[in-house]
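Here the structure is laid out as structure tokens; the discussion comes afterwards.
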Amino acid sequence: PSPSNISAWWNFGSLLGLCLIAQIITGLFLAMHYTADTSMAFSSLAHICRDVNNGWLLRNLHANGASFFFICIYFHIGRGMYYGSFLFKETWNIGVILFFLVMATAFVGYVLPWGQMSFWGATVITNLLSAAPYIGTELVQWIWGGFSVDNATLTRFFTFHFILP
Numbered sequence: 036p037s038p039s040n041i042s043a044w045w046n047f048g049s050l051l052g053l054c055l056i057a058q059i060i061t062g063l064f065l066a067m068h069y070t071a072d073t074s075m076a077f078s079s080l081a082h083i084c085r086d087v088n089n090g091w092l093l094r095n096l097h098a099n100g101a102s103f104f105f106i107c108i109y110f111h112i113g114r115g116m117y118y119g120s121f122l123f124k125e126t127w128n129i130g131v132i133l134f135f136l137v138m139a140t141a142f143v144g145y146v147l148p149w150g151q152m153s154f155w156g157a158t159v160i161t162n163l164l165s166a167a168p169y170i171g172t173e174l175v176q177w178i179w180g181g182f183s184v185d186n187a188t189l190t191r192f193f194t195f196h197f198i199l200p
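Last residue of the sequence shown: 200 in our numbering, with the numbers rising by one and none dropped.
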């Protein structure tokens, strides 16, 4: 028994839940073989893809699952805007906070392979926080765990990526 005016647009919340479960499961298996060290991170991903049984599949499911998660979340937000869900302010504000947490989780996950794009992405995006008045520089150094993006940063980002979902 469901309302007659319900449409397929209402499925995206459930799809987000399924995507999250898939991301957590694949992420747990990837974390068993990943090394959060600047000299080993890239090599550990190569090890996962080449030596771990179906590791290439796990990594691709995790990476592409993140893209599918964002597709679902954009449709979910669009449906909410179309049907006026923003009028329920508390629910909408919680959704906005969750969206920012998902973006932060995806960003720190993007840094984990520790390639050139990862390193410079971490450097540029975290440096944006230095524009905050009074506390910007200290905030950036706190996030970095030092004076530059280095091993402490990668370890922190792996921890945040593991804990935030």
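We put the CB at the ideal spot given by N, CA and C, even for glycine.
Quantities reported herein were computed from a predicted structural model and do not represent experimental measurements.
Asked, Found
"What's the gap between the Cα of Y145 and the Cα of S39?", "42 Å"
"Which residue's Cα is closest to the Cα of H68: V159, A81, L122?", "A81"
"For the alpha helix (DSSP H) containing V87, name the first residue and the last one.", "V87 -> no alpha helix (DSSP H), and no H or E assigned at all."
"Does the count of Cβ pairs from the segment 77-93 and the segment 120-130 closer than 8 Å reach three?", "no"
"Taking the alpha-carbon of W149 as reference, which of Q58, I198, A76, T61 has the nearest alpha-carbon?", "A76"
"Three Cβ pairs or more, each shorter than 8 Å: is that satisfied between the segment 165-174 and the segment 182-198?", "no"
"Distance, Cα to Cα, F193 vs A71?", "7 Å"
"I'd like to check one pair, I83 with L65: are the Cβ atoms closer than 8 Å?", "yes"
"Indicate whether A57 and L96 have their beta-carbon atoms separated by less than 8 Å.", "yes"
"Cβ of L51 within 8 Å of Cβ of I129?", "no"
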